[in-house]
């Protein structure tokens with residue numbers, strides 16, 4: 014996917030490719046999900062490449078808080094002849110049922126000024142947010158439902174913070190570190206979260 018990326022739509026970069034490669038590898042090993050959901054889809058690079066490679070999903074859904082990014086995802090999917098639903102909303106707030114989904118999220122962690130963060134402009138919010146107090150806490154509310162498996166790419170000390178949050182909730186999650194690289198002057202980690210499956214009550 015080469016071409017024009019509007020302002021405030023994150024251009025695919027090393028962290029994008031890392032997230033995609035881990036996702037494709039996992040799906041080759043266990044293509045058992047009904048739904049594929051990419052949160053913070055940006056240009057749609059990840060979900061479009063997944064749609065190219067796998068046709069076993071009932072639906073592929075992209076969400077982004079930036080409506081310009083959502084339009085770009087739809088445009089690129091249509092250009093590729095792929096059917097992907099894309100919705101402008103925060104995380105998965107707009108989705109009713111997430112059961113048996115794989116949710117992929119390359120979390121935003123770019124630094125912005127206080128004025129930009131406090132402006133309320135969704136363009137700024139989509140690429141640079143209060144990482145600990147906003148994105149990861151909101152994400153935890155989705156994880157707490159126990160609905161799904163997750164592939165998350167997290168930068169810096171965000172992983173340690175997220176793990177501390179996850180350890181305080183139920184259901185329990187298994188956390189597998191799948192890839193760790195050093196980019197953008199810090200470590201960038203991609204992890205796979207799997208909810209504990211409780212045995213049926215006798």
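Numbering (my numbering), first residue to last: 14 to 215. Note that beta-carbon positions come from the ideal geometry of N, C-alpha and C, so glycine has one too.
| Query | Result |
| --- | --- |
| Through-space distance from residue 54 to residue 188, alpha-carbon basis | 23 Å |
| Residues that residue 165 bridges to, as DSSP identifies them | 118, 204 |
| Local conformation of residue 156 per DSSP, three classes | helix |
| Same chain only: Cβ atoms within 7 Å of residue 35, ignoring 5 sequence neighbours per side | 164, 191, 192, 203 |
| Under 8 Å between C-beta atoms of residue 46 and residue 112 | no |
| Alpha-carbon spacing of residue 73 relative to residue 117, whole angstroms | 11 Å |
| Residue 183 versus residue 159 - alpha carbon distance | 8 Å |
| Paired residues, beta bridge with residue 77 - DSSP | 101 |
| Alpha-carbon to alpha-carbon, residue 33 and residue 62 | 8 Å |
| Residue 79 to residue 56 span [Cα, whole Å] | 10 Å |
| Sequence-distant residues of the same chain with beta carbon closer than 8 Å to residue 175, five excluded per side | 149, 152, 153, 165, 167 |
| Counted within 10 angstroms of its Cβ, other Cβ atoms place residue 209 as buried (16 or more) or exposed | exposed |
| Cβ-based burial, residue 173 [other Cβ within 10 Å; buried from 16] | exposed |
| For residue 210, the first and last residue of its enclosing alpha helix (DSSP H) | Here residue 210 belongs to no alpha helix (DSSP H), and DSSP marks it neither H nor E. |
| Straight-line Cα distance separating residue 29 from residue 58 | 8 Å |
| Residue interval of the beta strand (DSSP E) (run including residue 52) | 48 to 52 |
| Per DSSP, cross-strand counterpart(s) of residue 193 | 202 |
| Cut-off 8 Å between Cβ atoms - residues of its own chain near residue 105, not counting five sequence neighbours on either side | 50, 52, 76, 111, 116, 155 |
| Neighbourhood of residue 85 by C-beta, 6 Å cutoff - its chain only, sequence neighbours within 5 removed | 22, 56 |
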